[in-house]
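Chemist:
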Amino acid sequence: MNTSLCEVRNVHHTYGSRTVLDIDSFYIKPGSITGITGPNGCGKSTLLRMLAFLEKPDRGVVLFNGAEHDIRPNPVHREVCLLGQEPYLLKRSVRANVGYGLNVRNTDDIEPRIREALHMVGLDADDFLRRMWHELSGGETQRVALAARLVLRPKLLLLDEPTANLDEKSSTTIRTAVEQIRKTDGTSLVIVSHDLRWLRSICSPLIIMERGEMVETA
Amino acid sequence: MDFLLHGFFQAFHLLWTGDPETYSAIWTTVLVSTMSMAASLLIGIPLGFSLGINDFKGKKILRTLVDTLLSFPTVVIGLLVYAFLSRQGPLGDFGILFTLPGVAVGQTILGLPIIIALTATAVETLDKRLKPTLTTLGATPRQMLFTTILEARHSLMLAAMAAYGRIVSEVGISMMVGGNIKWHTRTITTAIALETGKGEFSVGIALGIVLMVVALGVNMCVSGLRKRAR
Amino acid sequence: MEEALKKLLYAIAALTLMLGTPAYAAKTMILATTTSTANTGLLDELIVPQFAKDTGIEIKFIAVGTGKALKMAENCDVDAVLVHAPAAEQKYVDAGVLIDRTQLMYNDFVIIGPASDPARIKGKKVVEAMKTIAAAKSVFTSRGDNSGTNKKEISLWNVSGMAVPDKEQWYVQTGQNMISTINIAAEKGGYTMTDRGTYIKYEANHKGNAPLKILVEGEKVLFNQYSALAVNPEKCPSVKYDLATRFIKWMASPKTQEAIGKFKLLGKVLFTPNATQ
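Residue numbers (our numbering), protein chains in the order written: chain L, 590 to 807; chain W, 2 to 231; chain V, 2 to 278.
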């Protein structure tokens, strides 16, 4: 019996004439931290989107908990969450942005959880809660987007360059937060990053991709 | 020329002294334009939404058709609606000819292309990252619809103001379908047409200014809403 | 935010339903009449309020051109008509669309022109005046809109033995209402035919010193006969024939006839009642 959380089988995907993904077999064990790195255009972001069931491969299957899932909104999207590169915030306050996922799940008593999430990403709740989406710097936007996903405690969290636009201090805070939720909630992580040092220190496995293929696994 | 100046002062006189015919026209205008706006928005936003968000065969043709309807003359709409609502017409048994709901039907037809076209554009120009973001945050399709409308709210409010301007200033539909009946279907614009037709130009100007005052009031309310929606 | 939007939507839907359902309490009837009739103020100031007082029935009247008023009757959209175009009325009576035609009152038309009267028509008989205007090629403005007034004007040309000077340069068809047509005649220093009621208003607008004066008046051929007709309930089952009948009878009653005869527009009497019981 396969105990993997996610499985990718014989996936082949093209954009026009270019092969973007060509993966025979890949799986994610529950509670693991998988790191993915590689040059730009190697297919890392596309792979994450497929793991998040936001895009479907031309050929092959992506499984979560042993089953295929639709890319249209369905319950799997309450278990898998993606933080893309250059994340998008809704045109509302920070509080509303961070709380959005909790609200769609009709969760009660979300205020303390929102505050906790902001704290995890290093933003002062009293200052930031009522700020509007257009009153944030690039780095702050990214951290709010991350908080909006951390607060959901998904089974699988996919992060695409989570520390890309951040200064060193904020990067450290994020790295700590990411590692923390795995400890406290058993969240499985897939992290795409160019920060090899960080990935080497926490990820197992660490996968290197090139031109859509997984060429090395550490 | 001095009917302009005379009309200017007459406007304030009519409002200040509470002239019953003027206030009846104001109330009628507010009533029917509210009905028409509500119907245009409730029907137009979902339609514009599906037009903007979906890709289907003939989308371009449909979009061109909607855009062309933006130039539909009000007198022609009035004529068509009259034909349908007349006792001889297919909808005659509803008996809404010469009533405000009848006028509202016509004005809604006037406002719908504006709302649909501008909503479709607003949806098309939404950030492409919105849909995947909402999906990954776990929103259901219905929740996504509401949130998308809210994300587009600034453009939608603009669409609403454009439709309102066209609706509140039209004469052709109110006249043909409403009949300009005193106390019942006489709006500010049909009253202006009546007075200027009788040669009472200064009253026409006065009522025109009254209409602008009403429109100013509406705009101030929307402006307040805009601030809260920021 | 989504909660607020939902609440707003419910409020809008509720509001629309509330406003959209008309609440009709009192007895009402719809009357089609002409713009010139409405503009005399007879309906607003005398007929509508008095009829409501005497019978409790509210008259909602729609003022349009004669042609349109009769068409609306044919479409069963109104209960009765009050017009002044006997020839057209007869056609609709013959067709069985309108019934119970009742003569009520008349006012008259007048031919007006510049005080200087370049064509010299003052005091002439109508037939002679029309011929003179045509011979002098003086500017003559016509409503040209198939209204009752327009039809009357056309009949004057015909009775003078001429066809309507449709293509003549001096014959200006405005396609507009009476006041605009008069103003255009004044601008061009020309002549026109108008109902007395509009002329009274026009004169008052110019504080008694109007550029155009009454030059020809008083002959029977210039009389403008008003009649009320009911829409035939056999052709239009939905019309309120009983209310229309009450209206017509009331208009022809001695008390109302007297009041009509006393009705003044800007201080001048306008109508001569002539309902034959």
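Think of the CB as a built atom: it goes at the ideal place given N, C-alpha and C, for glycine as much as any other residue. Small disclaimer: the values here were computed from a predicted structure and weren't measured.
Just to confirm before moving on: does the CB-CB distance between LEU712 (chain L) and GLU729 (chain L) stay below 9 Å?
Modeler: Yes, these two residues count as a Cβ contact at 9 Å.
Chemist: Taking the beta carbon of ALA15 (chain V) as the centre, do at least 16 other beta carbons fall within 10 Å, making it buried, or is it exposed?
Modeler: ALA15 (chain V) should be labelled exposed.
Chemist: Taking the straight line between their C-alpha atoms, what separation do you get for ALA753 (chain L) and ALA5 (chain V)?
Modeler: The straight-line gap from Cα to Cα measures roughly 36 Å.
Chemist: By how many angstroms is the C-alpha of ARG667 (chain L) removed from the C-alpha of MET803 (chain L)?
Modeler: C-alpha separation (whole angstroms): 28 Å.
Chemist: Under 9 Å, CB to CB, which of the residues in the region 139-152 of chain W have a partner in chain L?
Modeler: Answer set for the region 139-152 of chain W: GLY139, ALA140, THR141, PRO142, GLN144, MET145, THR148, LEU151 and GLU152.
Chemist: Any contact of the region 82-101 of chain V with the region 142-157 of chain V, i.e. 3+ C-beta pairs under 8 Å?
Modeler: These segments touch.
Chemist: For the region 176-234 of chain V, which segments carrying the alpha helix (DSSP H) assignment without a break, of at least 4 residues, lie completely within its bounds, in sequence order?
Modeler: As far as the region 176-234 of chain V is concerned, its whole alpha helix (DSSP H) runs of at least 4 residues are 179-189 and 197-206.
Chemist: Alpha carbon to alpha carbon, how far is ALA12 (chain W) from ALA96 (chain V)?
Modeler: C-alpha separation (whole angstroms): 48 Å.
Chemist: Between the Cα of TYR227 (chain V) and those of V:ILE155, V:GLN174 and V:ASN275, spot the shortest distance and give me the residue it belongs to.
Modeler: Answer by Cα proximity: V:ASN275.
Chemist: Could you pull the start and end residues of the beta strand (DSSP E) that HIS601 (chain L) belongs to?
Modeler: Segment 595-604, the beta strand (DSSP E) holding HIS601 (chain L).
Chemist: In three-state DSSP terms, what is ARG607 (chain L)?
Modeler: Correct three-state label for ARG607 (chain L): strand.
Chemist: Less than 9 Å between the C-beta atoms of GLY649 (chain L) and VAL597 (chain L), yes or no?
Modeler: Yes.
Chemist: Return the Cβ separation of PRO115 (chain V) and ALA135 (chain V) in integer angstroms, given the expectation that the two are a contact with Cβ distance under 8 Å.
Modeler: Going by Cβ atoms, the distance from PRO115 (chain V) to ALA135 (chain V) rounds to 17 Å, so no, they are not a contact pair.
Chemist: Starting from TYR24 (chain W) and walking both ways along the beta strand (DSSP E), at which residues does that stretch end?
Modeler: No beta strand (DSSP E) holds TYR24 (chain W); the alpha helix (DSSP H) holding it covers 21-54.
Chemist: Determine which residues share a DSSP beta bridge with VAL82 (chain V) and list them.
Modeler: In the DSSP output, where bridge partners are listed per residue, VAL82 (chain V) has V:ALA33 and V:LEU230.
Chemist: My guess is that ARG144 (chain V) and THR103 (chain V) are in contact by the Cβ rule of under 8 Å, so how many angstroms apart are they, rounded?
Modeler: About 26 Å; that fails the 8 Å criterion.
Chemist: Contact check, VAL733 (chain L) vs ASN695 (chain L) under 8 Å by CB: the rounded distance?
Modeler: Their Cβ separation, rounded to whole angstroms, is 22 Å, which puts VAL733 (chain L) and ASN695 (chain L) out of contact at 8 Å.
Chemist: Using C-beta distances below 8 Å, list every residue in its chain close to THR136 (chain W), excluding the 5 sequence neighbours before and after it, in chain order.
Modeler: Counting only Cβ-Cβ distances below 8 Å, and skipping sequence neighbours, we find MET145.
Chemist: What is the rounded straight-line gap between the Cα of VAL223 (chain W) and the Cα of GLY190 (chain V)?
Modeler: So the alpha carbons of these two residues sit roughly 51 Å apart.
Chemist: If I measure Cβ to Cβ from GLY68 (chain V) and keep anything under 8 Å in the same chain, skipping five residues before and after, which residues do I get?
Modeler: Closer than 8 Å at Cβ, skipping near neighbours: ALA89, ASN147 and SER148.
Chemist: Counting C-beta neighbours from all protein chains within 10 Å, is the total for GLU700 (chain L) 16 or more, i.e. buried, or is it exposed?
Modeler: With fewer than 16 other Cβ atoms within 10 Å, it is exposed.
Chemist: Is the beta carbon of LEU778 (chain L) less than 9 Å from the beta carbon of LEU748 (chain L)?
Modeler: Closer than 9 Å, so yes.
Chemist: Can you pull out the residues from the region 112-141 of chain W whose beta carbon lies closer than 7 Å to at least one beta carbon of chain L?
Modeler: Flagged, chain order: ASP128, ARG130, LEU131, PRO133, THR134, THR136, THR137, LEU138, GLY139, ALA140 and THR141.
Chemist: Please return the same chain residues whose Cβ sits closer than 6 Å to the Cβ of ILE117 (chain W), not counting the five positions on each side in sequence.
Modeler: Taken in chain order, the residues that qualify are GLY45, LEU48, GLY49 and VAL67.
Chemist: For HIS155 (chain W), decide whether its Cβ has a neighbour in chain L, counting only Cβ atoms nearer than 9 Å.
Modeler: Judged by the 9 Å Cβ criterion, HIS155 (chain W) is in contact with chain L.
Chemist: Take every Cβ of the region 211-230 of chain V, pair it with every Cβ of the region 106-122 of chain V, and state whether three or more of those distances are shorter than 8 Å.
Modeler: Touching, yes, given that three or more Cβ pairs across the two stretches are closer than 8 Å.
Chemist: Applying a beta-carbon distance threshold of less than 7 Å, which residues of chain W neighbour ILE48 (chain V)?
Modeler: Simply none; closest approach about 12 Å.
Chemist: May I have the straight-line CA-CA distance separating GLY107 (chain W) from LYS236 (chain V), to the nearest angstrom?
Modeler: Going from the Cα of GLY107 (chain W) to the Cα of LYS236 (chain V) covers about 27 Å.
Chemist: Return the residue from the list L:THR776, L:ILE796, L:ASP784 and L:GLU805 that minimises the CA-CA distance to LEU594 (chain L).
Modeler: Comparing Cα-Cα distances from LEU594 (chain L) to each of L:THR776, L:ILE796, L:ASP784 and L:GLU805, the minimum goes to L:THR776.
Chemist: Quick one: measure Cβ to Cβ for GLY79 (chain W) and ILE189 (chain W), integer angstroms, because I've assumed they're closer than 8 Å.
Modeler: About 17 Å; that fails the 8 Å criterion.
Chemist: Could you tell me which of V:ILE60, V:LEU9 and V:TYR242 sits nearest to HIS185 (chain W), measuring between CA atoms?
Modeler: Selected option, being the one with the closest Cα: V:ILE60.
Chemist: Rounding to the nearest angstrom, what Cα-Cα distance links VAL82 (chain V) and GLU218 (chain V) in this structure?
Modeler: Rounded to whole angstroms, VAL82 (chain V) to GLU218 (chain V) spans 27 Å at the Cα level.
Chemist: Short of 6 Å in beta carbon distance, which residues of its chain neighbour LEU43 (chain W), apart from the five on each side in sequence? Order them along the chain.
Modeler: Once the five neighbours on either side are set aside, LEU43 (chain W) has no close Cβ partner at all.
Chemist: For the region 195-228 of chain W, which residues have a CB atom closer than 7 Å to at least one CB atom of chain V, in sequence order?
Modeler: Correct list: GLY198, LYS199 and GLY200.
Chemist: By a C-beta neighbour count over all protein chains shown, 10 Å radius and 16 as the cutoff for buried, is PRO142 (chain W) buried or exposed?
Modeler: With fewer than 16 other Cβ atoms within 10 Å, it is exposed.
Chemist: Give me the chain W residues within the contact set of ALA14 (chain V), using Cβ-Cβ distance strictly less than 7 Å, ordered along the chain.
Modeler: Chain W residues near ALA14 (chain V): LEU43.
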